[in-house]
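Protein chains in written order, with the working numbering: chain A, 1 to 338; chain B, 339 to 636; chain C, 637 to 823. Even glycine gets a Cβ: it sits at the ideal position worked out from N, Cα and C.
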């Protein structure tokens, strides 16, 4: 791909973002992160309160990407096999086996949308792991490949009963974990409450032009972006420091209130997480129209890339909601770029 | 003399108590000190209290005039204070006499009386202040015997040591002002080792002076470090606003700081900038400006 | 020029001004110290070098006048006292006038002893006037009271004839009819 087409792609991408923002109000930051995930080819886990538009947002993106999509609702009795096949008696009364949602569309499956992922059992999670990491699945004695698959999952933050915490390995496979908060801007709230446009989600999502971005070209585009955006030695040093700080924050002079820093962390970010960070940063630099990554690229996506990869030790786990943003802010505020 | 105030109240009732209301003067009192034990040069204070009926005014010219009354008597001061009372006037008159009489033995003298005048419309009413008698004593014998330890005259008054109190106070005051302002300036100029925040740019300037345009890496790093250590944490271009909120004085350098951060990211991360003396000078100028803000002269 | 800069240079200005004031006050303190030691030497010693200074402290001049009088250099003492007649506070002025009275009185006594009566009379008059002024300023000045009595004994002011008060005009003409008394008391 040439520079020229890269520029055209960028315009497309920004247009895509704009259109999502027209449908989903007051979530600019989340939309931007989601767009980054699409162009960096990463899976996304959405978290947030009930009814803030997580599902609508995902459906809108899916609609915009075009291609086939499948969705499944997580329930406690969902079994891995339910994703792969389902059995039923046909009209003539014979038992039949049909491919399940995951493999039905074969390689044309563009987005797989897992609702309420934390309600599904760990067995389901582990099946998903392979699909997400390797983009293949073994069924009916053969491998099915989904080269374009992008997994969006969401979970709500309210309920803890009858839910299964995502294992670390599963979380690590998501590029971003995005928190969707209730919009607090009064004009946005007013619009959401009284404009009938936002009352019927099906029609609202239907407003999103389908196939703005051809999903089957995204992999190639992402490769090009990754190759054409430069990282200078200084930036590499900075990124390395960011990574190390996620393991040993005390070495960078980060101090949280009422915390023994040496005992704070169980595990820091994984190498996969770091590669995701750089991928996303490069994609952001491209979206911003630059051909090199700046520290601010890393900073703006550090929270969404890192928060679900850093594991606090059991002692402090119960304070995670309070400590994690502090730790991330501490890292971003304490490490100097040049 | 003055401390032994034996007030003799010479309450002179002018007429019978039956119809004081018709009298022009309702109350007349002369307060005098003890009538004995005075020597030359003493001050004798007479106080006269008079209350008049409405419409009746004292004529101050009827009081003795200030100055020599006779050969040995001087009126130093005559103070009249006037207050309203019951529609009439109440006068407090203080007369400070000083006597200069050198008697050969204890001798009775007389302070002359006088007639006070009051005006009542066009008419005039008088009130007599009676003469007052007192005794004066000599200070020395008729003839002083020198051989008996007496002395003919007292010696000169000695000069006293010049009082330096006000000068010492002024000295202490101006010295402390000087020390305070010097201390403040020293802290502004970063001369105190414990005010590290005050000499960040001073040290950075020193470092920059030693660097040439070829060491642009170090030049930029030095400047970044200076800003970071002022802020207590790294300063990034997109967070300059927070920095300005913390250090509003640096907002005036907004344009230069923006340029610096842009130049630095172009140099470090994009690699499209090269070093050059022009840029080095610009950075040095920025550092100097920061230094001026640091020491409070900008 | 913004406010910060103004404040900064203001601080420099305050520093320089106060330093100048410190320097000025140090010299003033030194001068006071020097004058005070000179005063105490004039009071206690006799071989003091007298230098004529135009703007000396009044106290120093007072001491100098006493010293000159002690050395019988009456004219110079008189000149010195006249220069400081209107300086200082009431206490100081009373002392100046008392010393002035003493100066006249000493000369008057000397004149009486040499029987130069014509010369003695105005001197006694001046002495009396000076003592009276001193007492007017400070009525508890016992030395002045005493010496005024001395002067009055030397030249009594007699009332003519009766004990009735004279008016001041008569007094002057009367002065010349009086005779000085014993200057030194009884042998």
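Is the CB of residue 294 (chain A) under 9 Å away from at least one CB in chain B?
On the first chain, residue 294 (chain A) is found 294 positions in, with the first residue counted as 1. It does: the Cβ of residue 294 (chain A) has a partner Cβ on chain B nearer than 9 Å.
What do you get for residue 470 (chain B), buried or exposed, if any count of 16 or more other CB atoms within 10 angstroms of its CB means buried?
Taking the first residue of the second chain as position 1, residue 470 (chain B) is located at position 132. With 16 or more other Cβ atoms within 10 Å, it is buried.
Using a Cβ cut-off of 7 Å, which residues of the region 551 to 573 of chain B contact any Cβ in chain A, in chain order?
558, 559, 562, 566, 571, 572
Would residue 677 (chain C) pass as an interface residue toward chain B - the criterion being a Cβ-Cβ separation below 9 Å?
Residue numbering aside, residue 677 (chain C) sits at position 41 when the third chain is read from its first letter. It does not; no Cβ of chain B falls within 9 Å.
Where residue 299 (chain A) falls, given that 16 or more other Cβ within 10 Å makes a residue buried
The residue labelled residue 299 (chain A) in the question sits at position 299 within the first chain. Per the 10 Å Cβ criterion, buried.
Where residue 208 (chain A) falls, given that 16 or more other Cβ within 10 Å makes a residue buried:
One-based indexing of the first chain puts residue 208 (chain A) at position 208. So residue 208 (chain A) ends up on the buried side.
Can you list the residues of chain C that residue 453 (chain B) reaches, using a CB-CB cut of under 8 Å?
If you number the second chain from 1, residue 453 (chain B) lands on position 115. Ordered by position in chain C, no residue passes the 8 Å Cβ test against residue 453 (chain B), which lies about 16 Å from the chain.
How big is the Cα-Cα spacing for residue 348 (chain B) and residue 367 (chain B)?
Here residue 348 (chain B) corresponds to residue number 10 of the second chain, with the count starting at 1. Here residue 367 (chain B) corresponds to residue number 29 of the second chain, with the count starting at 1. Note on residue 348 (chain B): pLDDT 41, under 50, position unreliable in the model; no value is reported.
Just verifying my parser: in three-state terms, what is the DSSP assignment at residue 616 (chain B)?
The sequence position of residue 616 (chain B) within the second chain is 278, counting from 1. Note: residue 616 (chain B) maps to helix in three-state DSSP.
Closest Cβ-Cβ distance between residue 244 (chain A) and chain B: below 9 Å?
Residue numbering aside, residue 244 (chain A) sits at position 244 when the first chain is read from its first letter. No, residue 244 (chain A) does not count as interfacial toward chain B.
Three-state secondary structure assigned by DSSP to residue 626 (chain B)
The residue you call residue 626 (chain B) lines up with position 288 of the second chain. Of the three classes helix, strand and coil, the one that applies to residue 626 (chain B) here is helix, per DSSP.
Classify residue 752 (chain C) as buried or exposed, calling it buried when 16 or more other Cβ atoms lie within 10 Å of its own Cβ.
For this step, residue 752 (chain C) is matched to residue 116 along the third chain. So residue 752 (chain C) ends up on the exposed side.
Is residue 329 (chain A) near the ligand SAM, going by C-beta to nearest heavy atom under 8 Å?
Here there are no bound small molecules, and the ligand SAM is not part of this structure.
What first and last residue would you give for the beta strand (DSSP E) that runs through residue 412 (chain B)?
Counting from 1 along the second chain, the entry for residue 412 (chain B) is found at position 74. From DSSP, the beta strand (DSSP E) with residue 412 (chain B) extends over 411 to 423.
For residue 399 (chain B), which of B:538, B:417, B:504, B:382 has the nearest alpha-carbon?
The residue you call residue 399 (chain B) lines up with position 61 of the second chain. Of the listed residues, the one whose Cα sits closest to residue 399 (chain B) is B:417.
Distance cutoff 9 Å, beta carbons only. Does residue 421 (chain B) sit that close to anything in chain C?
Translated into the one-based positions of the second chain, residue 421 (chain B) becomes position 83. Judged by the 9 Å Cβ criterion, residue 421 (chain B) is not in contact with chain C.
In three-state DSSP terms, what is residue 20 (chain A)?
Residue 20 (chain A) sits at position 20 when you count from the first residue of the first chain. Correct three-state label for residue 20 (chain A): helix.
Give a yes or no on whether 9 Å exceeds the smallest Cβ distance from residue 232 (chain A) to chain B.
Counting from 1 along the first chain, the entry for residue 232 (chain A) is found at position 232. Residue 232 (chain A) counts as touching chain B.
How is residue 512 (chain B) classed by DSSP in three states: helix, strand or coil?
As a first step, residue 512 (chain B) is located in the second chain; it is residue number 174 there, counting from the start. Of the three classes helix, strand and coil, the one that applies to residue 512 (chain B) here is helix, per DSSP.
Cutoff 9 Å: residue 782 (chain C) Cβ touching any chain B Cβ:
What you label residue 782 (chain C) is simply residue 146 of the third chain in a count that begins at 1. True, the Cβ-Cβ gap to chain B drops below 9 Å.
So, for residue 722 (chain C): in the same chain, excluding its five sequence neighbours on each side, which residues have a beta-carbon less than 8 Å away from its beta-carbon?
Position 86 of the third chain holds residue 722 (chain C). Around residue 722 (chain C): 729.
When the cut-off is 9 Å and only beta carbons count, does residue 410 (chain B) lie next to chain C?
Looking up residue 410 (chain B) in the second chain gives position 72. Judged by the 9 Å Cβ criterion, residue 410 (chain B) is in contact with chain C.
Could you give the residue range of the alpha helix (DSSP H) that holds residue 554 (chain B)?
Here residue 554 (chain B) refers to the residue found at position 216 of the second chain. Unbroken alpha helix (DSSP H) run through residue 554 (chain B): 554 to 569.
Going by other Cβ atoms of all chains shown within 10 Å of its Cβ, with 16 needed for buried, is residue 444 (chain B) buried or exposed?
Position 106 of the second chain, counted from the start, is the residue given in the question as residue 444 (chain B). So residue 444 (chain B) ends up on the exposed side.
CB-CB length for residue 454 (chain B) against residue 783 (chain C), believed under 8 Å
As a first step, residue 454 (chain B) is located in the second chain; it is residue number 116 there, counting from the start. As a first step, residue 783 (chain C) is located in the third chain; it is residue number 147 there, counting from the start. Not quite, the Cβ-Cβ distance comes to about 37 Å (not below 8 Å), so this is no contact.
For the alpha helix (DSSP H) that contains residue 463 (chain B), what are its first and last residues?
In the second chain, the residue the question calls residue 463 (chain B) occupies position 125. Unbroken run through residue 463 (chain B) is the beta strand (DSSP E), 461 to 467; no alpha helix (DSSP H).
Residue 779 (chain C) to residue 515 (chain B) span [Cα, whole Å]:
Numbered from 1 along the third chain, position 143 holds the residue referred to as residue 779 (chain C). Numbered from 1 along the second chain, position 177 holds the residue referred to as residue 515 (chain B). Approximately 46 Å between the Cα atoms of the pair.
Where does residue 549 (chain B) fall in DSSP's three states?
To locate residue 549 (chain B), count along the second chain from 1; it is residue 211. If DSSP states are grouped into helix, strand and coil, residue 549 (chain B) belongs with coil.
Got a sec, what are the start and stop residues for the alpha helix (DSSP H) residue 384 (chain B) sits in?
For the purposes of this step, residue 384 (chain B) is taken as the residue at position 46 of the second chain. Per DSSP, residue 384 (chain B) belongs to no alpha helix (DSSP H); it is in the beta strand (DSSP E), 381 to 390.
So, with DSSP's three-state summary, where would you put residue 251 (chain A)?
For the purposes of this step, residue 251 (chain A) is identified with residue 251 of the first chain, where counting begins at 1. It is helical.
Opening and closing residue of the alpha helix (DSSP H) in which residue 123 (chain A) lies
In the first chain, residue 123 (chain A) corresponds to position 123, counting from 1. Per DSSP, residue 123 (chain A) belongs to the alpha helix (DSSP H) from 122 to 134.
Out of curiosity, what's the CA-to-CA distance linking residue 429 (chain B) and residue 725 (chain C)?
Position 91 of the second chain, counted from the start, is the residue given in the question as residue 429 (chain B). Position 89 of the third chain, counted from the start, is the residue given in the question as residue 725 (chain C). Distance between the alpha carbons of residue 429 (chain B) and residue 725 (chain C) is about 32 Å.
Can at least three beta-carbon pairs, one atom from the region 214 to 230 of chain A and one from the region 79 to 90 of chain A, be found at a separation below 8 Å?
no
Quick check: what's the CA-CA separation for residue 442 (chain B) versus residue 473 (chain B)?
Walking along the second chain from the start, residue 442 (chain B) turns up at place 104. Walking along the second chain from the start, residue 473 (chain B) turns up at place 135. Those two C-alpha atoms are separated by around 12 Å.
Whose C-beta lies closer than 8 Å to the C-beta of residue 274 (chain A) among residues of the same chain, with five residues either side of it excluded?
Here the question's residue 274 (chain A) lines up with position 274 in the first chain. Same-chain partners within the cutoff: 239, 243.
Using a Cβ-Cβ cut-off of 9 Å, state whether residue 575 (chain B) counts as contacting chain F.
Note that chain F does not occur in the displayed structure, where the protein chains are A, B and C.
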